[in-house]
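What follows is a single structure, written as structure tokens, with notes after it.
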Amino acid sequence: MSRRFGEEGRELSYGTYLKVPELLRLQQGLSQEHDELLFIVAHQVYELWFKVVLFELEAARERIDADDLFFARHHLQRVHVIEQLLVEQIDVLETMSPQDFLAFRSKLAPASGFQSVQFREIEFLSGLKEPKYVA
């Protein structure tokens, strides 16, 4: 494998620490449609932020259990900022027209964003315990 700029062999670098080459190989579309890459990246970013939200919610719960409300609040404030970012990210997805989405949507069936396990975990940790999602 040839090295790209920023990969300094065995030394720790930005690219090796963050596993950028591996990360950039994870966007495998099912079509040749231009906007599918945008769709994949946006949703992968959502999942990465969901991972952080879950981490912070767990930390907040641990801090609350330890009666350390100062740090619990810190974790919950971080979750709030991430949630704001997630809402703003919708603007990027809205640059894709419905027709552009429909050009590859049929290839995604039956997959749906409603299948996000992490999103369901966030709902559960946040107090939404729909019986149909709790098994």
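The numbering of the sequence shown is my numbering, which starts it at 20 and goes up by one.
We put the CB at the ideal spot given by N, CA and C, even for glycine.
Alpha-carbon spacing of residue i relative to residue j, whole angstroms
i, j, result
"PHE123", "ALA61", "15 Å"
"ALA128", "LEU121", "11 Å"
"GLU75", "VAL100", "12 Å"
"GLU113", "VAL71", "24 Å"
"LYS151", "ARG139", "11 Å"
"TYR65", "ARG92", "23 Å"
"THR35", "LEU43", "12 Å"
Nonlocal neighbours in the same chain, by C-beta distance under 8 Å from residue i, ignoring five residues either side
i, result
"GLU77", "LEU144"
"ILE141", "PHE69, VAL72, LEU73 and LEU76"
"GLU102", "VAL72"
"ASP119", "GLU52, HIS53 and ASP54"
Exposed unless 16 or more other CB atoms sit within 10 angstroms - verdict on residue i
i, result
"GLU55", "buried"
"ALA85", "exposed"
7 Å Cβ cutoff met for residue i and residue j
i, j, result
"TRP68", "LEU95", "no"
"LEU49", "LYS126", "yes"
"ARG97", "PHE90", "no"
"LEU37", "MET115", "no"
For residue i, three-class secondary structure by DSSP
i, result
"LYS38", "coil"
"ARG139", "helix"
"ALA146", "Checking the displayed sequence, the identity of residue 146 turns out to be Gly instead of Ala. In this structure, GLY146 counts as coil in the three-state DSSP scheme."
"GLU30", "coil"
"PRO117", "helix"
"ALA130", "coil"
"LEU73", "helix"
"GLN103", "helix"
Any non-hydrogen atom of the ligand PLP within 6 Å of residue i CB
i, result
"SER131", "Judged by which ligands are present, the structure shown has none, so any question about the ligand PLP falls away."
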